[in-house]
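Note that our numbering has the sequence shown beginning at 36, numbered continuously upward.
Glycine residues also receive a C-beta, built at the ideal position from the N, C-alpha and C atoms.
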Amino acid sequence: TAPRIIEAIQNFPEPKLNEEVKLKDIQSFLGVCNFYQKFINNYKDLIAPINKLLAEKIKTRIPAPKKSRKKWIITEEKNSRIWTEEHHIAFQKIKEVFQKTREEGGIRLAYPIPGRKFIIRTDASKEGIGAVLAQVSPDGGELPIMYAHRVYNEAEKYYLITDQEGLAVKDAIKKWFHPYIW
Numbered sequence: 036t037a038p039r040i041i042e043a044i045q046n047f048p049e050p051k052l053n054e055e056v057k058l059k060d061i062q063s064f065l066g067v068c069n070f071y072q073k074f075i076n077n078y079k080d081l082i083a084p085i086n087k088l089l090a091e092k093i094k095t096r097i098p099a100p101k102k103s104r105k106k107w108i109i110t111e112e113k114n115s116r117i118w119t120e121e122h123h124i125a126f127q128k129i130k131e132v133f134q135k136t137r138e139e140g141g142i143r144l145a146y147p148i149p150g151r152k153f154i155i156r157t158d159a160s161k162e163g164i165g166a167v168l169a170q171v172s173p174d175g176g177e178l179p180i181m182y183a184h185r186v187y188n189e190a191e192k193y194y195l196i197t198d199q200e201g202l203a204v205k206d207a208i209k210k211w212f213h214p215y216i217w
């Protein structure tokens, strides 16, 4: 990453705890960080608390009473966009990742080397799917080339975990890493 981008992220002003955050400020911070998401392992998990501030409304799903014909009661309320301790922790972790070297878990990645074997590792969580494209290093280790991830759409949230894992494999091969592996 360019030193000026790292500096911009490090100097980005953090909202005050327990105060409302402007949507524009959230979008500005995410705009700078999201460009580098493919270089950050578990980015979707790191940024998830801050991403929740983007929603206009918050949906809550609770089990319906036993006598009801419905399984769930879904309520919606306006997102108040209050900056909490959870948001503060996520904000600090993201800033930290941009400072670290690759060996420290930061965002510096390896360049793909023609002729070396590629490795794709995938994962599914309750919020989304992710994958890493890596290459085998001369010493037998793995060097990450690129990370990819996304959240589920409304239907995919209800897939069985095996189907979600399969979806991660499909997206890794067909969408994210296709230019490197074919």
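- In this structure, ALA166 is the residue among ASP80, PRO48 and ALA166 with its C-alpha nearest to the C-alpha of TRP211.
- For GLN72, there is no enclosing alpha helix (DSSP H), as DSSP marks it with neither H nor E.
- Counting every other CB atom within 10 Å of its CB across the protein chains shown gives PRO173 a total below 16, marking it as exposed.
- When beta bridges are read from the DSSP output, TRP107 appears opposite PRO98.
- Collapsing the DSSP output to three states places ASP206 in a helix.
- Of the candidates PRO179, SER103 and GLU42, the residue whose Cα lies closest to the Cα of PHE64 is GLU42.
- Between LYS94 and MET181, the C-beta spacing is not below 7 angstroms.
- A distance below 7 angstroms separates the beta carbons of TRP118 and GLU54.
- In the displayed model, GLU112 falls within a strand according to three-state DSSP.
- HIS122 is positioned such that its CB atom lies closer than 7 angstroms to that of PRO84.
- If you draw a straight line from the Cα of THR110 to the Cα of VAL56, it is about 23 angstroms long.
- Contact annotation: PHE133 and ILE44 have beta-carbon atoms nearer than 7 angstroms.
- For TYR78, the enclosing alpha helix (DSSP H) starts and ends at 78–86.
- Around the beta carbon of ILE148, fewer than 16 other beta carbons sit within 10 angstroms, so the residue counts as exposed.
- Nearest C-alpha to GLU191 among ALA183, ALA159 and ILE216: ALA159.
- Around the Cβ of GLY66, a 10 Å sphere holds fewer than 16 other Cβ atoms; the residue is exposed.
- Taking 7 angstroms as the cut-off, the beta carbon of LYS92 is found no closer than this to the beta carbon of GLY163.
- For GLU191, the secondary structure class from DSSP, reduced to helix, strand or coil, is helix.
- Sequence-distant Cβ neighbours of LEU52 in its own chain, meaning closer than 8 angstroms and more than five residues away, are TRP118, THR119, GLU120 and HIS123.
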